[in-house]
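One point on numbering: in numbering that gives the first Met the number 0, the residue at position 228 of the sequence shown is 227, and numbering is uninterrupted.
Even for Gly, the Cβ is constructed at its ideal location relative to N, Cα and C.
For clarity, every value in this text was computed on a predicted model and none was experimentally measured.
A short worksheet on the structure shown next.
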Amino acid sequence: MSDILRFEGFEVEIAASVADGIRKVLSDSPDIILCDILMPKGDGVDLVSFVRSRADTRLLPIVMVTALADRQWQRRFMELGADDYLTKPFKAAELVGAVQTQCTKLEWREGSQVAKGGPGQCYAFAGRVFDPVRRMVRLPDGEEQMLTASEAQLLTILLDSPGQAQSRESIMNLMGRDFTPLDRLVDVLIGRLRRRVGDAPRKPTLILTIRRSGYLLDTAVELQNVDPL
């Protein structure tokens, strides 16, 4: 895997254990993390949980790369905050594509006017403000929630089409992912997103489930040119 990425021009650092991975995350400031579930002296849960628990690392893109195809594992890691999940065996193009997708999102965020501190465009909805570049939502009580790249992408899709039901297939297509009828990734992300924006997962009032249609954002949305959150 490292040879494939190096051939494509990426600089790759390899961690021998979870503890070594944590040290490298803190010392090397990587642009992206590729993580297996089964690791020496720990597992991927420990690493993903650590990265997402710190303000200085919580926005790092994380791609799970594992031989475990069980959907329960996929669901667990997506709930922890992983941005993508690749199951071995996979083609080299799939690996490179997943990494490039996350790096493109990172470059866009860091190179934008908003990321540099200038005014930018944010979404205002239901007393909340969402900065899509910094992936931050400000709730009505002033609390701020950082979103993962996948959560921010999903929220943007819903905000761009308020009042319109989006099917799971259309959401996956807009996120640049392949869709299969049994894939529950969108459902997992919706549950995470509801918690992030303060919408009760069991009785949501903002992000609604529309039977046989998908999901719908049930509120008005305004675009505002404001200082970044």
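Between Leu-25, Glu-7, Asp-55, Asp-159, which has its C-alpha nearest Ala-14's C-alpha?
Mapped onto the sequence shown, residue 14 falls at position 15. When only C-alpha atoms are compared, the closest one is Leu-25.
Could you tell me the alpha carbon to alpha carbon distance between Ala-66 and Val-196, rounded to whole angstroms?
Walking along the sequence shown from the start, residue 66 turns up at place 67. Walking along the sequence shown from the start, residue 196 turns up at place 197. About 33 angstroms.
In angstroms, rounded to a whole number, what distance separates the CA positions of Thr-56 and Tyr-84?
Residue 56 sits at position 57 when you count from the first residue of the sequence shown. Residue 84 sits at position 85 when you count from the first residue of the sequence shown. Cα-Cα distance, rounded: 19 angstroms.
Is it buried or exposed, Gln-163, if we count other Cβ atoms within 10 angstroms and call 16 or more buried?
By 1-based counting over the sequence shown, the position of residue 163 is 164. The residue in question, Gln-163, is exposed, as its Cβ has fewer than 16 Cβ neighbours within 10 Å.
Under a Cβ-count criterion, where at least 16 other Cβ atoms within 10 Å of its own Cβ denotes burial, should Asp-82 be classed as buried or exposed?
Here residue 82 corresponds to residue number 83 of the sequence shown, with the count starting at 1. So Asp-82 counts as buried.
Which residue wins for smallest C-alpha separation from Gln-99, given the options Asp-217, Leu-205, Gly-175?
In the sequence shown, the residue the question calls residue 99 occupies position 100. The option with the nearest alpha carbon to Gln-99 is Gly-175.
Give every residue of the same chain whose Cβ lies closer than 8 angstroms to the Cβ of Leu-146, excluding the five residues on either side of it in the sequence, and list them in chain order.
By 1-based counting over the sequence shown, the position of residue 146 is 147. Hits under 8 angstroms: Arg-134, Met-135, Val-136, Leu-154, Leu-192, Arg-195.
Output needed for Glu-168: all residues of its chain with C-beta closer than 6 angstroms, excluding positions within five of it in sequence on either side, in chain order.
For the purposes of this step, residue 168 is taken as residue 169 along the sequence shown, with counting starting at 1. Within the same chain, Cβ atoms closer than 6 angstroms to the Cβ of Glu-168 are found at Phe-178, the five residues on either side in sequence being excluded.
For Gly-126 and chain B, any beta-carbon pair shorter than 7 angstroms?
Protein chain content of the structure displayed is limited to a single chain, and chain B is not contained in it.
I believe Ile-61 touches Val-47 by the beta-carbon criterion, under 8 angstroms. Please report the beta-carbon distance rounded to the nearest angstrom.
On the sequence shown, position 62 is the one that residue 61 refers to. On the sequence shown, position 48 is the one that residue 47 refers to. Right, the Cβ-Cβ distance comes to about 6 angstroms (below 8 angstroms), so this counts as a contact.
Using beta-carbon positions only, say whether Glu-10 and Lys-23 come within less than 7 angstroms of one another.
Position 11 of the sequence shown holds residue 10. Position 24 of the sequence shown holds residue 23. The beta carbons of Glu-10 and Lys-23 sit no closer together than 7 angstroms.
Go ahead and label Gly-116 buried or exposed: buried means 16 or more other beta carbons lie within 10 angstroms of its beta carbon, across all protein chains shown.
As a working note, residue 116 is residue 117 in the sequence shown. The predicted model places Gly-116 with a pLDDT of 44, which falls under 50 and marks its position as unreliable, so this point remains unresolved.
Just mark Ile-189 as buried or exposed, buried being the case when its beta carbon has 16 or more other beta carbons within 10 Å.
Numbered from 1 along the sequence shown, position 190 holds the residue referred to as residue 189. Buried is the call here.
Mind checking Ile-31: buried by the 16 CB within 10 Å criterion, or exposed?
One-based indexing of the sequence shown puts residue 31 at position 32. When all chains shown are included, Ile-31 counts as buried.
Could you give the distance in angstroms between the alpha-carbon of Gln-120 and the alpha-carbon of Ile-156?
For the purposes of this step, residue 120 is taken as residue 121 along the sequence shown, with counting starting at 1. For the purposes of this step, residue 156 is taken as residue 157 along the sequence shown, with counting starting at 1. If I take the Cα positions, the gap works out to 15 angstroms.
To the nearest angstrom, report how far apart Ala-148 and Gln-101 are at their CA atoms.
Residue mapping note: residue 148 aligns to position 149 of the sequence shown, counting from 1. Residue mapping note: residue 101 aligns to position 102 of the sequence shown, counting from 1. Cα to Cα, the separation comes out at about 8 angstroms.
Within its chain, find whatever has a CB closer than 7 angstroms to the CB of Ser-16; leave out the 5 residues flanking it on each side and keep chain order.
Locating residue 16 in the sequence shown gives position 17, counting from the first residue. If we look at Ser-16 and ignore the five residues flanking it on each side, its Cβ neighbours are Met-38, Pro-39, Lys-40, Gly-41.
Taking the alpha-carbon of Glu-150 as reference, which of Asp-19, Gly-213, Glu-78, Glu-142 has the nearest alpha-carbon?
Here residue 150 corresponds to residue number 151 of the sequence shown, with the count starting at 1. If we check each option's Cα against that of Glu-150, Glu-78 comes out closest.
So within the stretch 109-195, which uninterrupted alpha helix (DSSP H) runs reach at least 4 residues, ignoring any that extend past its ends?
148-158, 167-173, 184-195
Label Phe-268 either buried or exposed according to how many other C-beta atoms from any shown protein chain fall within 10 Å of its C-beta, with 16 as the threshold for buried.
Any question about residue 268 goes unanswered here, given that the chain covers just 0 to 228.
Just list the beta strand (DSSP E) runs in the stretch 28-116, keeping only unbroken ones of 3 residues or longer that don't cross its boundaries, in chain order.
32-34, 61-65, 83-86
Quick check on Asp-2: buried or exposed, where buried means 16 or more other Cβ atoms within 10 Å of its Cβ?
For the purposes of this step, residue 2 is taken as the residue at position 3 of the sequence shown. In this structure Asp-2 is exposed. Its beta-carbon is surrounded by fewer than 16 other beta-carbon atoms within 10 angstroms.
Where do the N-terminal and C-terminal ends of the alpha helix (DSSP H) with Leu-4 fall, by residue?
By 1-based counting over the sequence shown, the position of residue 4 is 5. 1-6 is the extent of the alpha helix (DSSP H) around Leu-4.
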